[in-house]
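Chemist: If you're matching positions, the sequence shown starts at 2 in our numbering and goes up one per residue.
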Amino acid sequence: MLTIDLNCDMGESTPLWDYRIENDLAILPYISSMNLACGFHAGDPHTMHLLVDAALTAGIAIGAHPGFPDRENFGRRSMNLPPEKLYDVILYQIGALQAFLEVKGATLHHVKPHGALYNMAAKDARLAAAISRALFDFDSRLILYGLAGSELIAKARAIGLKTQSEVFADRTYQDDGSLTPRTEAGALIHQTKQAIQQVLQMVEQGTVTTITGKTVSLKAETICIHSDGAGALDLAKNIDQAFTEKGITITHV
Numbered sequence: 002m003l004t005i006d007l008n009c010d011m012g013e014s015t016p017l018w019d020y021r022i023e024n025d026l027a028i029l030p031y032i033s034s035m036n037l038a039c040g041f042h043a044g045d046p047h048t049m050h051l052l053v054d055a056a057l058t059a060g061i062a063i064g065a066h067p068g069f070p071d072r073e074n075f076g077r078r079s080m081n082l083p084p085e086k087l088y089d090v091i092l093y094q095i096g097a098l099q100a101f102l103e104v105k106g107a108t109l110h111h112v113k114p115h116g117a118l119y120n121m122a123a124k125d126a127r128l129a130a131a132i133s134r135a136l137f138d139f140d141s142r143l144i145l146y147g148l149a150g151s152e153l154i155a156k157a158r159a160i161g162l163k164t165q166s167e168v169f170a171d172r173t174y175q176d177d178g179s180l181t182p183r184t185e186a187g188a189l190i191h192q193t194k195q196a197i198q199q200v201l202q203m204v205e206q207g208t209v210t211t212i213t214g215k216t217v218s219l220k221a222e223t224i225c226i227h228s229d230g231a232g233a234l235d236l237a238k239n240i241d242q243a244f245t246e247k248g249i250t251i252t253h254v
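#1: Cα separation between Thr181 and Asp171?
#2: Identify every residue that forms a DSSP beta bridge with Gly64.
#3: What residue does the alpha helix (DSSP H) around Thr245 start on, and which one ends it?
#4: Which complete alpha helix (DSSP H) runs does the segment 104-155 hold, if anything under 4 residues is left out?
#5: Can we say the segment 47-66 touches the segment 239-251, given the rule of at least three CB pairs closer than 8 angstroms?
#6: If you check the beta carbons only, do Thr252 and Ser33 fall under 7 angstroms apart?
#7: With a 10 Å radius around its C-beta and 16 neighbouring C-beta atoms as the bar for buried, classify Glu85 as buried or exposed.
#8: To which residues does DSSP link Val209 through a beta bridge?
#9: Put Phe41 into one of helix, strand or coil per three-state DSSP.
#10: Straight-line CA distance for Asn74 to Gly68?
#11: With Glu167 as the anchor, note down where its beta strand (DSSP E) starts and where it stops.
#12: Note the first and the last residue of the continuous beta strand (DSSP E) segment covering Leu7.
#13: Is the beta carbon of Tyr88 less than 7 angstroms from the beta carbon of Ala131?
#14: Taking DSSP as the reference, what is the three-state secondary structure of Thr252?
#15: Across which residues does DSSP place Tyr259 in a beta bridge pair?
#16: Sorted by chain position, which residues of the same chain lie with C-beta nearer than 8 angstroms to His110's C-beta, five sequence neighbours on each side aside?
#17: Below 8 angstroms on the Cβ atoms is my guess for Lys220 versus Ala149; work out the distance and round it to an integer in Å.
#18: Are the CB atoms of Gly116 and Arg77 within a distance shorter than 7 angstroms?
#19: Under three-state DSSP, which class holds His227?
#20: Distance check for Arg127 and Lys194, CA to CA, integer angstroms please.
So, in structure tokens, the structure goes:
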């Protein structure tokens with residue numbers, strides 16, 4: 002029987018959009034892990050607290066979702082941070098979220114970088130190494146969630162971290178296996194049917210059809226959806242239904 006982790010970026014409260022925690026809470030029954038914003042690109046302490054409590058009650062694995070210190074651009078602007086400063090940025094955010102878990106007697110499950118940081122570290126070995134080292138030094142049991150086939154996955158494994166190769170339900174792919182930049186046309190998948198077809202292809206066949214029509218291989222261990230996307234709840238429900246029909250179990254490692 003096939004199993005797959007279904008994760009969701011959550012808690013991204015910000016003045017840039019009308020965040021409603023109810024949207025995140027409604028998605029929880031359909032996922033197996035969450036990536037919780039830690040305050041730099043988005044998020045706030047009270048939202049972190051509420052979602053930690055809700056996730057623990059629901060049995061959802063809790064991960065940190067650290068980003069660049071860039072609330073004005075939702076962490077989607079590339080920043081030229083030297084590795085030693087990036088290490089501190091990651092460590093600071095992981096520690097902030099862990100505080101809410103410690104008071105509940107729980108521990109952090111994974112870390113997944115956000116936005117521009119995620120995409121830069123997918124290709125930049127120095128950034129990938131700095132992020133991986135921060136995780137390892139904080140808690141070597143942490144799992145790093147990163148883009149399938151990326152430098153981030155490679156550097157994490159090189160120092161002994163567990164990893165989960167991530168694929169996306171609502172994003173299109175380039176021929177090199179990277180995500181189509183959000184600044185380009187066709188970067189987002191808006192049709193639920195198309196997203197489900199892509200997810201099933203990635204999980205069952207280990208391939209994805211790129212934006213040019215090319216089929217490339219990738220490793221799918223965890224699937225990301227975005228709670229701030231239009232129709233996110235509907236997408237989560239449809240993925241859950243499609244997997245049930247296919248006998249695929251949603252669970253975290």
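Ideal Cβ positions, reconstructed from N, Cα and C, are used throughout, including at glycine.
Modeler: On the basis of the data shown:
#1: For the purposes of this step, residue 181 is identified with residue 180 of the sequence shown, where counting begins at 1. For the purposes of this step, residue 171 is identified with residue 170 of the sequence shown, where counting begins at 1. Here the alpha carbon of Thr181 sits roughly 11 angstroms from the alpha carbon of Asp171.
#2: In the sequence shown, residue 64 corresponds to position 63, counting from 1. Bridge partners of Gly64: Asn36, His111.
#3: Translated into the one-based positions of the sequence shown, residue 245 becomes position 244. Residues 233-247.
#4: Given a length threshold of 4 residues, each whole run of the alpha helix (DSSP H) inside the segment 104-155 is given here in chain order: 116-122, 126-139.
#5: The segment 47-66 and the segment 239-251 do not touch, with fewer than 3 CB-CB distances between them shorter than 8 angstroms.
#6: If you number the sequence shown from 1, residue 252 lands on position 251. If you number the sequence shown from 1, residue 33 lands on position 32. Yes.
#7: The count along the sequence shown starts at 1 and reaches residue 85 at position 84. Exposed.
#8: In the sequence shown, residue 209 corresponds to position 208, counting from 1. Bridge partners of Val209: Val217.
#9: For the purposes of this step, residue 41 is taken as the residue at position 40 of the sequence shown. Note: Phe41 maps to coil in three-state DSSP.
#10: Mapped onto the sequence shown, residue 74 falls at position 73. Mapped onto the sequence shown, residue 68 falls at position 67. If I take the Cα positions, the gap works out to 11 angstroms.
#11: Reading the sequence shown from its first residue, position 166 is the one you call residue 167. Annotation: the continuous beta strand (DSSP E) that includes Glu167 extends over 163-169.
#12: Sequence index remark: in the sequence shown, residue 7 carries index 6 (1-based). Counting along the chain, the beta strand (DSSP E) containing Leu7 begins and ends at 4-11.
#13: Here residue 88 refers to the residue found at position 87 of the sequence shown. Here residue 131 refers to the residue found at position 130 of the sequence shown. Result yes, Cβ atoms of Tyr88 and Ala131 sit closer than 7 angstroms.
#14: In the sequence shown, residue 252 corresponds to position 251, counting from 1. DSSP places Thr252 in coil when its eight states are reduced to three.
#15: Residue 259 lies beyond the range of the chain shown here (2 to 254); nothing can be said about it.
#16: Here residue 110 refers to the residue found at position 109 when the sequence shown is read from its first residue. Excluding positions up to five away in sequence, the list reads Ser34, Ala62, Ile63, Gly64, Leu143, Ile144, His253.
#17: To locate residue 220, count along the sequence shown from 1; it is residue 219. To locate residue 149, count along the sequence shown from 1; it is residue 148. The beta-carbon distance between Lys220 and Ala149, rounded to whole angstroms, is 5 angstroms. This is short enough to meet the 8 angstroms contact definition.
#18: Counting from 1 along the sequence shown, the entry for residue 77 is found at position 76. Counting from 1 along the sequence shown, the entry for residue 116 is found at position 115. Yes.
#19: As a first step, residue 227 is located in the sequence shown; it is residue number 226 there, counting from the start. Assigned with DSSP and collapsed to three states, His227 falls in strand.
#20: Taking the first residue of the sequence shown as 1, we reach residue 194 at position 193. Taking the first residue of the sequence shown as 1, we reach residue 127 at position 126. For Lys194 and Arg127, the distance between alpha carbons rounds to 38 angstroms.
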